[in-house]
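In the UniProt record's numbering, the protein residues as written are 1 to 335. In this text, a Cβ means the ideal position worked out from N, Cα and C, and glycines have one as well. The structure under discussion appears below in the form of C-alpha cells.
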Amino acid sequence: MRAVQFSEHGPPGVLRVAEVPEPAPGRSDVLVEVVCAGVTFAEVMFRRGQLPVGLPHVPGLAVSGWVVEVGDAVTTLRPGQRVAALTLAGGGGAELVVAPESTVVALEGELDRLSDAVAAAVPCSVTTAWGLLEAARVQPGETVLVLAAAGGVGSAAVQLAVAQGATVLAAVGHGAKRAAARSWGARHVVTYDELGDLDDLLGGRRVDVVLDAVGGPVRRAAAATLGFGGRHVVYGDASATDVVISTNAVWLTGTSLVGHNLGALAAAAPERLRTHLTEALHAVADGTVGLDVTEHPLADVAVAHAALESRASTGTHVLRVQGPGTGSRPGPAVG
Ligand SMILES: NC(=O)c1ccc[n+]([C@@H]2O[C@H](COP(=O)([O-])OP(=O)(O)OC[C@H]3O[C@@H](n4cnc5c(N)ncnc54)[C@H](OP(=O)(O)O)[C@@H]3O)[C@@H](O)[C@H]2O)c1
C-alpha cells in the first residue's frame, strides 16, 4: 500500500510516499481504509526527532475512512462502517491503518454529515481541545488565555471555551493571525509581546486558565498572567524550548500546573478519551466548533508540514489519501 514515511529525522524533505506492507489488526483493533488523514504539529515533532519514534515511521494520528476488518474482540464496529479515528501509534498517512476499537467512532446519525476532510481534522485537534477544557475545569465567566489561538487545536479551544461561557483572550505569534483568532469568537486578541501588560484590556482582572503548547519565553509570560486559583495547562512545546517552572512560584501564587496528553490519556483511561473524541465530533457536527481545513494531496505531505512549521498557517491540515469515488467503499456526501 502507499504510505507517507520517513526513514531519518530532518526537514520536511525527508517525507516520502513509499510502498509499505499492509498492517494487520490485532484482536481489539479495527483496520480502516483511509480517505483523509489529519496532519498535526505533533507529527512535525516526530519528524524532527523532537519526540521519540522508531524508524522508519509512517506518521498520521487521525483519519477518516471505512472499516475493512475488525479483530475477534471488537464488539461495537463492523466492516463497511464509515468512521473517524485517532491512530495514536501513527500510521494514518497511508491507504490502510490499524486503530484500537477505543479510538474509532462510527460516523452515524448527525456525524454522517461531516465531510471526509473535516472528520479527519477533528480527532486530533478538537479532541485535544476538548480534553484541555476538561483538564482546566473551565467555569462560565472565567478568562481563558489561549496561545497559538489561530492554529488547529487553538482555534477549537477558543470556540469550546466561548461555548462554556468563558471570556477568551487569544494570543498569536504575529499580527497577521489576529483576524483568524478573533473570527473564532475571542473577545480580545494580543500578540505574545503584549502579554506583559494586560491590565487595560482585562480591566485589572487576572487570567484564570492558560492553554499552552508554545513553551519557551511565551510560557513564562503566560504563567505571569494567572491570578489566584489559576490553572496553566501545558500540552505541547512548539518552540522546542522547555522551561523550568518554580514549585515555589506555584505555592506563592496559588496557581496550578496541569498537563494534558492524548497518548497518556489513551493508556490510562481509553473510555474517557473515546468520550472526548465523540464529543468533539458532535461539537463540529452541531456547529459549536467550526473548522478551517486546508486539504493537500498525499504526495504534498511535505507542504503541509512546512506550512505548520512556518507559523503562517491557520486552522488545520489534512491529506487526501483516496479521491472521492476511488476507494473500495461507497463514497458519502462530501460537504
Ligand atoms: N498534548 C497532546 O496530546 C497534543 C495533541 C495534539 C496536538 N498537540 C500540540 O498542540 C499544538 C497545536 O497543534 P496543531 O497541530 O493544532 O498546530 P498549530 O497550532 O496549527 O501550529 C503550531 C503553532 O504553534 C505556534 N508556534 C509557537 N512557536 C513555534 C515555533 N517555534 N515553530 C512553529 N510553531 C510555533 C505557531 O502559532 P503562533 O505563531 O501563533 O505562535 C504555530 O502556528 C502543538 O504544539 C502540538 O504539539 C498536543
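Looking at residue 183 and ligand 1, is the gap between the Cβ and the nearest heavy atom below 7 angstroms?
no
Looking at ligand 1, does it come within less than 7 angstroms of residue 152, judged from the CB to the closest heavy atom?
yes
Tell me, please, whether the CB atom of residue 84 is closer than 8 angstroms to any CB atom in chain D?
Of the chains in the structure shown, none is chain D; there is only one protein chain.
Nearest to residue 238 by CA position, among 215, 245, 20, is which residue?
215
Using the C-alpha atoms, what's the distance from residue 154 back to residue 106?
25 angstroms
Between the CA atoms of residue 162 and residue 227 - distance to the nearest angstrom:
20 angstroms
Does the distance from the C-beta atom of residue 82 to that of residue 298 stay below 8 angstroms?
no
Determine, using beta-carbon pairs with one atom in the region 35 to 42 and one in the region 62 to 73, whether at least three such pairs fall under 8 angstroms.
yes
Kindly identify the DSSP beta-bridge partner or partners of residue 134.
Per DSSP, none; premise fails for residue 134.
I need the DSSP call for residue 292, collapsed to helix, strand or coil.
coil
Helix, strand or coil: how does DSSP classify residue 191 here?
strand
Residues bridged to residue 226 by DSSP?
207
Between the C-alpha atoms of residue 233 and residue 142, what's the straight-line distance to the nearest angstrom?
15 angstroms
Can the beta-carbon of residue 84 be found less than 8 angstroms from the beta-carbon of residue 117?
no
May I ask you to check if the CB of residue 309 is nearer than 7 angstroms to at least one heavy atom of ligand 1?
yes
Length at least 3, wholly inside the region 98 to 137: the beta strand (DSSP E) runs in chain order:
104 to 106
So, with DSSP's three-state summary, where would you put residue 274?
helix
Just to confirm my understanding: we take residue 294, look at its own chain, exclude 5 residues before and 5 after, and list those with CB closer than 8 angstroms. What are they?
304, 307, 313, 315, 316, 317, 318
Euclidean distance between Cα positions of residue 52 and residue 210:
27 angstroms
Identify which residue in 262, 278, 156 has its Cα closest to the Cα of residue 339.
Any answer about residue 339 is impossible in this case: the structure gives the chain only from 1 up to 335.
Does the Cβ of residue 79 have 16 or more other Cβ atoms within 10 Å, making it buried, or fewer, making it exposed?
exposed
Other residues of its chain near residue 266: CB distance less than 7 angstroms, five sequence neighbours each side excluded
88, 103, 273
List the endpoints of the continuous alpha helix (DSSP H) containing residue 154.
152 to 163
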